[in-house]
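Asker: Numbering (the numbering used here), first residue to last: 51 to 402.
This structure is in structure tokens; I'll ask about it shortly.
This is the structure:
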């Protein structure tokens, strides 16, 4: 997110918060629970002015404060198994929250786990099997690194020539946003081919990069043995599933689950869609996950949970613990459901 967009968003949230308008909406729009999305938990998160992937990083101090705040607000922190149980059995006497971390980063084990242990809070890690295998090209991270280290960028992506001065923070963001969204919108075969060209041009060993920030299979097994932890499935290659054929979606989700079974000795019951927005997962993908037998599947569509989500367990929304908004006023605001009531035009379900 660019600094200007972040300012506009935070200003809108601040209006909701400081006018207390969120309290008026909370009664009808806070729902019965919330599932939080996280990615990285890093001690040095957000240390640079240029940090376009900042939304994927929070500090352990913020995570610790958030867990405490959620409990102070009266929420039970529960596993995804219990989320499903409370939804299907209509157990809504107390609000509930679940914490989920996507992809399988090493910091989930080394930094996040001690925070959850300290607070005796269960959580889920959705593991993309290509991460411990060192086979996922984390092009969004590498693009940030390339731009951060260079004062000039010149590359061709999908026939588009990108020539940017990247000395200032504003220039770096302009380059990142132009190249990121060009790559993001490509079909996955073309996307990976273009990303491979990018890393070759700038001499980045993308497999070493992936291995350096991901858990190994031994570490995934170690995490899986912990009583607070649930391991969920997150495909093999972290493709946006909506861009794939039906058979390819089933291969990514089904084979990814089978690889986890082979490595962990148990079948994951819960699934998260890579990227998870409406452009990456929709009704077709929800139906496929139902067919494959997942108990729940989570998106990144932003909303709290309502009783009606019991009928849409393959399309559960989540709320991002966003590195751009690491203050507890925003946690209170998000739990109220008010921002999502407005952004979703007062629709309780966003499952189309």
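Using N, Cα and C, we set each Cβ at its ideal position, and we do this for glycine too.
1. Which same chain residues, not among the five before or five after residue 158, have their C-beta less than 6 Å away from its C-beta?
2. Take the Cβ of residue 311 as the centre, count every other Cβ of all protein chains shown within 10 Å, and call the residue buried at 16 or more, exposed below.
3. Determine the burial state of residue 433: buried for a count of at least 16 other Cβ atoms within 10 Å of its Cβ, exposed for fewer.
4. Give me the DSSP bridge partner(s) of residue 321.
5. Tell me the rounded alpha-carbon separation between residue 64 and residue 199.
6. Compute the beta-carbon to beta-carbon distance between residue 133 and residue 354, rounded to the nearest angstrom, for a pair I have assumed lies under 8 Å.
7. Which residues in the same chain have their Cβ closer than 7 Å to the Cβ of residue 154, if we skip the five residues on either side of it in sequence?
8. Taking the alpha carbon of residue 184 as the reference point, which residue from 117, 169, 286, 205 has its own alpha carbon closest?
9. Quick one: which unbroken alpha helix (DSSP H) runs of 4-plus residues sit fully inside the region 192 to 247? Chain order, please.
10. Please name the residue or residues paired with residue 311 in a DSSP beta bridge.
11. Considering only the beta carbon of each residue, do residue 344 and residue 320 sit closer than 8 Å?
12. Out of curiosity, what's the CA-to-CA distance linking residue 252 and residue 400?
13. For a test of the three-state rule: what should DSSP assign to residue 161, helix, strand or coil?
14. Is residue 326 helix, strand or coil by DSSP?
Answerer: Considering the structure as presented:
1. 151, 175
2. Flag for residue 311 reads exposed.
3. In the structure as shown, the chain starts at 51 and stops at 402, and residue 433 therefore has no counterpart that could be examined.
4. 283, 347
5. 34 Å
6. Actually they are not in contact, since the Cβ atoms of residue 133 and residue 354 sit about 12 Å apart, beyond 8 Å.
7. 175, 177, 178, 181, 182, 264, 265, 270
8. The shortest C-alpha separation from residue 184 is found at 286.
9. 219 to 234
10. BP columns for residue 311 are empty, so no partner.
11. yes
12. Straight-line Cα distance between these residues: approximately 41 Å.
13. helix
14. coil
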